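>
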Amino acid sequence: MHDTNTVHTMRKLLFAIAAFPAILSACNGGSGASADQLREEAIAIHDEIMPQVSSFDRNTVKIDSLLANLPELKAANPDLDTAQTRIELTALKGRLEEATDAMMEWMMAFEVDPQEKSADETKAYYEGEVEKVKRMKQLFEEVSKESAEKLAPF
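Numbered per mature numbering (1 follows the signal peptide of the UniProt record, and there is no 0), the sequence shown spans residues -26 to -1, 1 to 128.
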């Protein structure tokens, strides 16, 4: 779970990521459109999946609660295999945290305006970032589906 300072820092970073391309476009006069388009694509994919982080955080808290209350769940449902449930929920919690951590790491490392790169290097950088964020989107989709399936009985 993220503390208030982390959330505040994330919001500032998201604002900077969202606002900076418009400022750059105005300063660039449209040069490097391909790199700009790639940067915008990476940011758009980020913006699409970022809201899932709060859902993942809620699911992590729910899993903690379920794990802490397995004896009560077993009493209410004698057929429940608590050992298997513990394994599955612990693995799911790890995947949720992996996805959230991947997002945080990507946001912290993402360069909105790489200063020390040539135009070709900048384009290559953003091509790589688009691929990273696409893989992250795939991870988010997988984890979201897995969460829905595994948490549905609870």
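For glycine and all other residues, C-beta sits at the position ideal for the given N, C-alpha and C.
None of these values were measured; they are calculated from a predicted model.
Label Phe84 either buried or exposed according to how many other C-beta atoms from any shown protein chain fall within 10 Å of its C-beta, with 16 as the threshold for buried.
buried
> If you run the structure through DSSP and keep just helix, strand and coil, what is Met24?
Under the three-state reduction of DSSP output, Met24 falls in the coil class, being neither helix nor strand.
> If you follow the alpha helix (DSSP H) that Ile114 is in, where does it begin and where does it stop?
What sits at residue 114 in the sequence shown is Phe, not Ile. Where Phe114 is concerned, the enclosing alpha helix (DSSP H) stretches over 93 to 125.
> The alpha helix (DSSP H) with Leu70 in it runs from where to where?
Segment 56 to 83, the alpha helix (DSSP H) holding Leu70.
> Going along the chain, which residues of its own chain have a beta-carbon closer than 6 Å to the beta-carbon of Thr74, five neighbours each way excluded?
Val27, Phe30
> Name the two residues that bound the continuous alpha helix (DSSP H) containing Pro45.
44 to 50
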